[in-house]
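Note sheet for the following structure.
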Amino acid sequence: MICPKRTTELLEQFLEPFKDKDPAWEIGVSKIAGRGVFTTRNIKRGEVIFRDMPLLIGPAARKEDTLNSCSVCFKLLPDTKFMCRQGCGLPICNLCQKKKQHKADCALFKSWEPCEPEVANSLIIRLLCPARAINCTKEQRDLMYCLQATLDNNHRTEVRNAAKCFRKFPTDKKLIDIMNRAVAVLRTNGFDETSDRTNDNQEFFYRALFPLFALVNHDCVPNSYYTFEEKTNNMIVRASVDIPSGTEITTTYTKLFTGNIARHLFLKMKKTFTCKCQRCSDPTEKGAFISAVYCRDTNCPGLAVPEVTGMPQPNWNCLECKQKSPHAPMSKAQDLAVGAINAKTNSNSLKTLIQYIKEKSSSFIPESNYCIIDAKLQVISRLSKSLEDCGEESAGTKAQFCQDILDIMDKLGLGDCVMRTYLETEKAK
Ligand SMILES: [Zn+2]
Ligand SMILES: [Zn+2]
Ligand SMILES: [Zn+2]
Ligand SMILES: [Zn+2]
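In full-length UniProt numbering, the protein residues as written are 1 to 429.
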């Protein structure tokens, strides 16, 4: 682990343009993992804790994406003739064609000679983000090297595959190492498809590395949330709740509404750590019962929850009759409920789905279960687009479903976040 003090210095230098004379944060040694970001004074709910800007940013250009968005401003372009006419192999808008950023990108990629520069190639476009590390200043690159990177067997694949799309791809080991390192850092703590930071109802069309945010550790009930400034892509991190001085700032790498078992598995597989936060240590998830299913004993009205063991297939306990059950039948009950709800979501009118959630589903799955939360979020989203006619009560239904989810968020202790703003707005509409 690189010394927290050196990390703070590099970050302060990088974030210098914000002219924040009295930062409310510092880097310290975390109880959760490695280094973490800590408050240096009391912060009120809603207050800005820090702003961050991308050290690296570029188009996501995933296989399923359309590739016609500008490689500098990410604006969607017409579906034909959107490639740079200079032959760099990048999509570019008329305005950004003349910008300094594209001139640097263009010179770099042109010197490598893309095999088919007029054809949009996701491997080339996706490489832009890590390749931009080559033109970083020494200080910026030091900062990148100071961030955590999972240097596993796969992290070299991306550059290796993209190399085949150029005639004169560099063979200089130092350049290749910079790009491989950037890929590994992006995958570990950036916004990238493999790191899956698409939590809290936000989607990303680019891949990016925000270096200060990269040091924020995970908690399943985070005390901060982030939004982005329009136009600049700068990130603003705010307090979700009142945070005392000296507290570690946390964010969430998982979706807010998944149960203990699913979150544990996700964090273990993708982030290779075991979360020991309050929510994860409590089988009831702070009384929100997001994983709960009904007791196997049909005469018992109790809820059964999975034991906190960190294992993928724990036993379940009924909180009423105390009966212990193995994992298999309980997860089967959960899977059946998910299947039944999905069938209604996919094949029926919105009206039928609403009726099903209101009248039928509670006979086989508790209302607090995540599959009901997901179904309600679907209904809210569909009603807000109001493409379907669902009768006069639809406004009331939407407000009710929003409130149901807000109540669950309150139980979890989730303060302000993008999801809360969304639900409160939809509820009031
Ligand atoms: Zn542009
Ligand atoms: Zn160009
Ligand atoms: Zn947790
Ligand atoms: Zn029971």
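In this text, a Cβ means the ideal position worked out from N, Cα and C, and glycines have one as well.
If you're wondering where the values come from, they're calculated on a predicted model, not measured in any experiment.
Residues sharing a beta bridge with residue i, DSSP
i                 : result
tryptophan 112    : Beta-bridge pairing links tryptophan 112 to no other residue.
proline 59        : Tyr206
histidine 218     : Thr251
serine 71         : In DSSP, serine 71 forms no bridge with anything.
arginine 238      : Val48 and Tyr225
glutamate 26      : Phe38
tyrosine 356      : Paired residues: none, contrary to the question.
asparagine 315    : Bridge partners of asparagine 315: none, in fact.
leucine 76        : Ser69
tyrosine 145      : None, per the DSSP bridge assignment.
methionine 83     : Pro91
isoleucine 43     : Ile243
phenylalanine 166 : Pro114
valine 183        : The partner list for valine 183 (beta bridge, DSSP) is empty, contrary to what the question assumes.
Same chain only: Cβ atoms within 6 Å of residue i, ignoring 5 sequence neighbours per side
i            : result
glutamate 16 : none
aspartate 79 : Asn68
arginine 296 : Ser325
serine 195   : Interpretation of serine 195 is limited by its pLDDT of 49, a score under 50 that renders its predicted location unreliable; the figure taken from the coordinates is listed afterwards. Arg187.
Segment limits, alpha helix (DSSP H) that includes residue i
i                 : result
alanine 395       : 394 to 412
cysteine 96       : 94 to 97
cysteine 371      : 370 to 385
asparagine 342    : 327 to 347
leucine 418       : The residue you asked about is not leucine; residue 418 is valine in the sequence shown. 418 to 428 is the extent of the alpha helix (DSSP H) around valine 418.
arginine 6        : 4 to 14
asparagine 161    : 157 to 163
phenylalanine 266 : 260 to 271
Buried versus exposed call for residue i [16 or more other C-beta atoms within 10 Å across all chains shown]
i              : result
threonine 345  : buried
alanine 343    : exposed
threonine 198  : Any reading at threonine 198 needs caution, since the residue's pLDDT is 49, under 50, leaving its predicted position unreliable; the model's value is listed next. The residue in question, threonine 198, is exposed, as its Cβ has fewer than 16 Cβ neighbours within 10 Å.
proline 117    : buried
asparagine 154 : exposed
glutamine 403  : exposed
proline 211    : buried
arginine 45    : exposed
leucine 76     : exposed
aspartate 152  : exposed
methionine 419 : buried
threonine 251  : buried
cysteine 129   : buried
cysteine 115   : exposed
glutamine 334  : buried
Own chain, CB closer than 8 Å to residue i, minus 5 neighbours either side, in chain order
i                : result
phenylalanine 74 : Pro59, Phe205 and Tyr206
threonine 258    : Phe266, Ile290 and Tyr370
lysine 427       : Lys398, Ala399, Cys402, Gln403 and Leu406
leucine 175      : Ile134
lysine 168       : Ser111, Trp112 and Glu113
isoleucine 408   : Phe257, Ala288, Ile290, Ser368 and Ile373
Start-to-end residues for the beta strand (DSSP E) that takes in residue i
i                 : result
phenylalanine 191 : Neither: phenylalanine 191 is in no beta strand (DSSP E) and is coded neither H nor E.
alanine 131       : That residue, alanine 131, is in no beta strand (DSSP E); its alpha helix (DSSP H) goes 122 to 131.
proline 306       : 303 to 306
Cβ neighbours of residue i in the same chain (closer than 7 Å, five flanking residues each side left out)
i              : result
arginine 279   : Cys220, Val221, Glu285, Lys286 and Leu412
asparagine 161 : Leu123
glycine 190    : Arg207, Ala208, Leu209 and Ala214
Quick one: any contact between the segment 347 to 364 and the segment 276 to 286, if contact means 3 or more CB pairs under 8 Å? Here the segment 347 to 364 does not lie against the segment 276 to 286, with fewer than 3 beta-carbon pairs under 8 Å apart.
Contact between the segment 144 to 157 and the segment 89 to 106: three or more CB pairs below 8 Å? Not touching, per the Cβ criterion.
Any 3 or more C-beta pairs closer than 8 Å across the segment 105 to 125 and the segment 34 to 54: No: the two stretches stay apart, fewer than three of their Cβ pairs being nearer than 8 Å.
With contact counted as at least three CB pairs below 8 Å, one residue from each stretch, are the segment 345 to 360 and the segment 317 to 327 in contact? Judged by Cβ distances under 8 Å, the segment 345 to 360 makes no contact with the segment 317 to 327, as fewer than three pairs qualify.
Quick check: the segment 239 to 258 against the segment 303 to 311, are there 3 or more CB pairs under 8 Å? Using a Cβ-Cβ distance cut-off of 8 Å, the segment 239 to 258 and the segment 303 to 311 are not in contact, since fewer than three pairs of beta carbons, one from each stretch, lie closer than that value.
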